[in-house]
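> Note that the protein sequences, when read in sequence, are chains Y and L.
Okay, so the first sequence: first residue is 1 according to the UniProt record's numbering, each after it adds one.
Okay, so the second sequence: first residue is 1 according to the UniProt record's numbering, each after it adds one.
The structure is given below, and queries will be raised subsequently.
Protein chains: 2
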Amino acid sequence: MDEADEARHADKMRKKQAARETIMATKTREKGLLIVHTGKGKGKTSAALGMVVRAIGHGMKVGVVQFVKGAMTTGEKAVFDAFPGNVEFKPMGEGFTWNTQDRSRDIATTRTAWDEVKRMIADPSYDMVLADELNIVLRYDYLPLDEVLEVLSAKPEMQHVIVTGRNAPDALIEAADLVTDMTMVKHPFRSGVKAQAGIEF
Amino acid sequence: MDEADEARHADKMRKKQAARETIMATKTREKGLLIVHTGKGKGKTSAALGMVVRAIGHGMKVGVVQFVKGAMTTGEKAVFDAFPGNVEFKPMGEGFTWNTQDRSRDIATTRTAWDEVKRMIADPSYDMVLADELNIVLRYDYLPLDEVLEVLSAKPEMQHVIVTGRNAPDALIEAADLVTDMTMVKHPFRSGVKAQAGIEF
């Protein structure tokens with residue numbers, strides 16, 4: 001690239017920066033977000049964990065309740081346990097429905113986990129609350145959707161709440177501020193690779 | 001739900017578990033994955049950070065190079081710096097092209113960051129390497145795609161490499177084992193909310 005090209009690039013970037021500043025000047029609000037990660041692809045829980053890391057790093061107080069994961073030791077637990085003042089991490093599930101094979105017990109487990117989420121959301125000292133795989137238990141009708149929407153709509157103004165899991169209900173997407181659909185393009189399960197440490201847990 | 005319903009549920013779940021076990025028995029391989037997070041939605045970097053957290057929690061050694069982020073203090077940096085034995089975290093960018101306004105300098109910055117990624121990938125003691133926003137610099141032609149593909153294809157067998165950023169090149173998607181497109185459903189920027197701690201940085 002010669003000098004004239006370099007100058008044209010710099011000029012173009014100055015204009016782009018000015019245009020961006022005009023746009024960004026309109027983005028002035030801060031508010032607690034209701035965030036939903038759904039879709040069939042990988043990354044729903046991982047992206048929520050990434051946000052938890054960022055929040056911890058800013059000294060925020062975070063509550064995490066996992067609705068499906070429980071007994072299994074996960075990498076996230078080992079890290080979050082190193083920040084007991086910042087993050088309360090509660091894997092409260094008992095695995096998948098086909099493992100427990102007991103619907104009444106699944107419903108009771110879900111209720112106990114949801115009570116914990118409700119407690120955290122009601123407490124404005126939590127800057128972020130993650131309800132991991134909540135969409136899964138909603139899909140099974142283990143919790144009434146109306147009750148969940150009511151609790152979410154009454155969250156403290158500045159608190160971020162993240163809900164993950166495939167098949168997010170339409171009404172939840174409607175209520176949310178930030179929704180990403182993790183769309184599967186390629187998954188290694190398809191070529192016979194098993195769940196691996198650091199990736200899936 | 002009455003007793004007969006409960007029994008039917010348990011029976012259905014036993015069958016589902018058996019079917020799943022048959023499928024899972026075919027997922028036996030372990031291998032280092034080439035992972036790509038792309039798409040216009042939020043969650044590409046966050047999901048990569050979540051995987052870094054899981055890897056750290058399992059005592060793995062992780063290298064992170066950020067191609068765009070640099071000067072800005074991020075939440076992830078504060079947390080990862082608490083695990084100096086596990087994670088080498090290098091924000092090596094200087095911001096966006098419209099901020100630097102200097103194409104030659106951007107290319108030189110990219111080259112320095114890429115040299116660091118190459119060093120990590122060549123070293124099998126790294127269990128995971130994250131090249132954050134590499135797709136962005138590829139899009140600007142700040143690095144030759146062929147060189148990047150060659151380095152990625154020569155990575156150690158058991159090492160996971162994660163590449164993030166929108167507009168992943170087709171050839172990279174082709175080469176990858178796990179690809180998720182973070183599809184934007186709703187983004188709070190659209191309603192005037194600015195980038196916030198814990199969410200975007």
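Note that beta-carbon positions come from the ideal geometry of N, C-alpha and C, so glycine has one too.
1) In terms of residues, what are the limits of the alpha helix (DSSP H) holding Phe80/L?
2) Buried or exposed: Met60/Y, going by 16 or more other Cβ atoms within 10 Å of its Cβ?
3) Between the stretch 50-62 of chain Y and chain L, which residues of the former have CB atoms less than 9 Å from a CB of the latter, in chain order?
4) Of all the residues that make up the stretch 138-165 of chain L, which are near chain Y by a beta-carbon distance shorter than 8 Å?
5) Under the assumption that Thr180/L contacts Val185/Y (Cβ atoms under 8 Å), give the Cβ distance between them as a whole number of angstroms.
6) Within the present structure, is the beta-carbon of Trp114/L separated from the nearest heavy atom of the ligand COA by less than 6 Å?
7) What residues in the stretch 172-183 of chain L have a beta carbon less than 7 Å from any beta carbon of chain Y?
8) Please compile the residues from chain Y whose C-beta is within a distance smaller than 7 Å of the C-beta of Asp102/L.
9) Using a C-beta to C-beta distance shorter than 7 Å, which residues of chain L count as neighbours of Gly192/Y?
10) Going along chain L, which residues have a C-beta under 8 Å from Phe201/Y?
11) Using alpha carbons as the reference points, say which of Ser104/L, Glu150/L, Tyr142/L lies closest to Phe67/L.
12) Gly198/L and Arg103/Y: beta carbons closer than 7 Å?
13) Bridge partners of Gly63/Y, per DSSP?
14) Look at the alpha carbon of Lys118/L and the alpha carbon of Arg166/L, and state the distance between them as a whole number of angstroms.
15) Could you give the distance in angstroms between the alpha-carbon of Asp81/L and the alpha-carbon of Val87/L?
16) Measure the alpha-carbon distance for Gly63/L versus Leu178/Y and round it to whole angstroms.
17) Buried or exposed, going by whether 16 or more other CB atoms sit within 10 Å of the CB of Met13/Y?
18) With respect to the alpha helix (DSSP H) encompassing Met158/Y, which residues constitute its N-terminal and C-terminal limits?
19) Since His37/Y is in the beta strand (DSSP E), which residue starts that stretch and which ends it?
20) I need the straight-line Cα distance from Arg139/Y to Val36/Y, nearest angstrom please.
21) Note down, in chain order, every chain L residue with its Cβ under 9 Å from the Cβ of Arg14/Y.
22) Rounded to a whole number of angstroms, what is the C-alpha to C-alpha distance between Gly39/Y and Gly57/Y?
23) Distance, Cα to Cα, Met128/L vs Thr73/L?
24) Can at least three beta-carbon pairs, one atom from the stretch 119-126 of chain L and one from the stretch 149-161 of chain L, be found at a separation below 8 Å?
25) Going by DSSP, what residue range makes up the alpha helix (DSSP H) through Val44/Y?
26) Given a cut-off of 7 Å on the beta-carbon distance, is the pair Thr183/Y and Gly41/Y in contact?
27) Which residues in the same chain have their Cβ closer than 8 Å to the Cβ of Gly93/Y, if we skip the five residues on either side of it in sequence?
28) For Ala168/Y, which residues in the same chain have their Cβ closer than 6 Å to its Cβ, ignoring the five residues on either side in sequence?
29) Mind checking the stretch 106-131 of chain Y against chain L and listing, in chain order, the residues whose C-beta falls within less than 8 Å of any C-beta there?
30) Output, in chain order, the set of chain Y residues within a Cβ distance shorter than 9 Å of Gln66/L.
31) From this set, Gly50/L, Asn99/L, Ile162/L, Gln159/L, which residue's C-alpha is nearest Arg20/Y's C-alpha?
32) Check Met139/Y in the structure and name its three-state DSSP category.
33) Quick one: is Lys15/Y buried, meaning 16 or more other Cβ sit within 10 Å of its Cβ, or exposed?
34) Taking 7 Å as the CB-CB limit, is Val185/L close to chain Y?
35) Checking the sheet assignment: what are the DSSP bridge partners for Arg29/Y?
36) Report the CB separation of Lys77/L from Glu116/L in whole angstroms; it is logged as a contact under 8 Å.
So, from the data block:
1) 75-80
2) buried
3) Gly50, Met51, Val52, Val53, Arg54, Ala55, Ile56, Gly57, His58, Gly59, Met60, Val62
4) His160
5) 6 Å
6) You won't find the ligand COA in this model; it holds no ligand whatsoever.
7) Ile173, Ala176, Asp177, Leu178, Val179, Thr180, Asp181, Met182, Thr183
8) Ala10
9) Thr26, Lys27, Thr28, Arg29
10) Arg54
11) Tyr142/L
12) no
13) Glu88/Y, Val129/Y
14) 21 Å
15) 8 Å
16) 29 Å
17) buried
18) It is not in any alpha helix (DSSP H) - Met158/Y carries neither H nor E in the DSSP assignment.
19) 34-38
20) 15 Å
21) Trp98, Gln101
22) 28 Å
23) 23 Å
24) yes
25) Correcting the residue identity first, residue 44/Y is Lys in this sequence and not Val. Here the alpha helix (DSSP H) through Lys44/Y covers 44-57.
26) yes
27) Gln66, Phe67, Val68, Lys69, Gly70, Thr109, Ala113, Glu133
28) Val36, Thr38, Asn135
29) Asp127, Met128
30) What Gln66/L touches in chain Y: nothing, since even the nearest Cβ is about 13 Å away.
31) Asn99/L
32) The amino acid at residue 139/Y is misidentified as Met; the sequence shows Arg. Helix, per DSSP.
33) exposed
34) yes
35) Val193/L
36) In fact, because the Cβ distance is near 16 Å, the residues do not count as touching under 8 Å.
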